[in-house]
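So the sequence shown is residues 1 to 159, counted in UniProt numbering. Built from N, CA and C at the ideal position, the CB exists for glycine as well. What follows is a short report on a single structure.
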Amino acid sequence: MSDQQQQPKDNQLPEYTLSGDGVNEPIEIIIKDVITEKTTITKKNEAGPHDETMLPNSKTLSKTIHCRRCNCTVIAPKNSELVEKDITLPLSKNSDTAEELRYFWYLKDMMQFENVAFTLNVNQTHKYLTCADCESEIIGMHSIQTKENYIAHDRVVYK
Ligand SMILES: [Zn+2]
1 MSDQQQQPKD
11 NQLPEYTLSG
21 DGVNEPIEII
31 IKDVITEKTT
41 ITKKNEAGPH
51 DETMLPNSKT
61 LSKTIHCRRC
71 NCTVIAPKNS
81 ELVEKDITLP
91 LSKNSDTAEE
101 LRYFWYLKDM
111 MQFENVAFTL
121 NVNQTHKYLT
131 CADCESEIIG
141 MHSIQTKENY
151 IAHDRVVYK
């Protein structure tokens, strides 16, 4: 593996801009995390998922996970495992509030999702995940390097 990080492929910003005197000057590629120093981050200390959401004696998802806003299906049963991990997620794309969450459904591969969408690239290490239908909340994150995905228990519903 190379140490060099790839720029996200769908970044369409130009690398150069023409300044007033006709000289090409490099401009910084703007890839900003929506979490900034102005973001209010709260530690949620949410309760973990109920035992019924997992198959007996395992951490494997037994229910279907849906968007809590529009009911779109996000993960089908058996396609994810519960993990405990500290991940800070903004409430939505343009929110100045974020929560530090604890319980996540882990998916090794994007193919394990039923439906999910990326928000715009936010930096070189990760992207945020949102509902493919309503895009109203940030529900998880995707690691660009490892391709791993985490969906927040606190931001979904089970059926
Ligand atoms: Zn939705």
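Can you tell me which of the three DSSP states residue i falls into?
| i | result |
| --- | --- |
| Glu-52 | helix |
| Arg-102 | strand |
| His-153 | helix |
| Tyr-158 | strand |
Looking only at its chain, what residues have a beta carbon closer than 6 Å to the beta carbon of residue i, apart from the 5 residues adjacent to it on each side?
| i | result |
| --- | --- |
| Phe-118 | Lys-127 |
Check the C-beta distance from residue i over to residue j and give it rounded, since I have them as a contact under 8 Å.
| i | j | result |
| --- | --- | --- |
| Ile-151 | Val-74 | 6 Å |
| Asp-96 | Thr-42 | Rounded, the Cβ-Cβ distance is 12 Å, inconsistent with contact. |
| His-153 | Pro-49 | 5 Å |
| Ala-98 | Leu-107 | Their Cβ separation, rounded to whole angstroms, is 22 Å, which puts Ala-98 and Leu-107 out of contact at 8 Å. |
| Glu-46 | Arg-102 | 6 Å |
| Val-156 | Ile-87 | The pair is not a contact, with the Cβ atoms about 14 Å apart (cut-off 8 Å). |
| Asp-109 | Lys-147 | 7 Å |
Since residue i is in the beta strand (DSSP E), which residue starts that stretch and which ends it?
| i | result |
| --- | --- |
| Lys-147 | Segment: none, Lys-147 is in no beta strand (DSSP E) and carries neither H nor E. |
| Lys-43 | 40 to 43 |
| Leu-77 | Note that residue 77 is Pro in the sequence shown here, rather than Leu. No beta strand (DSSP E) contains Pro-77, which DSSP labels as neither H nor E. |
| Glu-81 | 81 to 90 |
| Cys-67 | 65 to 67 |
| Lys-127 | 126 to 130 |
In chain order, what residues of the same chain have a beta carbon less than 8 Å from the beta carbon of residue i, not counting five sequence neighbours either side?
| i | result |
| --- | --- |
| Cys-131 | Cys-67, Arg-69, Cys-70, Cys-72, Val-74, Asn-115, Val-116, Ala-117, Glu-137, Ile-139 |
| Ser-80 | Thr-60, Leu-61, Ile-65, Trp-105, Tyr-106, Leu-107, Gln-112, Ile-151 |
| Asp-133 | Cys-67, Cys-70, Cys-72, Asn-115 |
By Cβ distance below 7 Å, which residues in the same chain neighbour residue i in space, the five residues on each side in sequence not counted?
| i | result |
| --- | --- |
| Lys-63 | Thr-53, Pro-77, Tyr-158, Lys-159 |
Please name the residue, chosen from the options, that lies closest to residue i on a Cα-to-Cα basis.
| i | options | result |
| --- | --- | --- |
| Met-111 | His-142, Ile-35, Glu-135 | His-142 |
| Leu-89 | Glu-135, Asp-109, Leu-129 | Leu-129 |
| Ile-35 | Asn-149, Asp-51, Asn-94, Pro-56 | Asn-94 |
| Lys-44 | Pro-56, Asp-51, Glu-100 | Glu-100 |
| Glu-135 | Leu-120, Asp-51, Ile-144 | Leu-120 |
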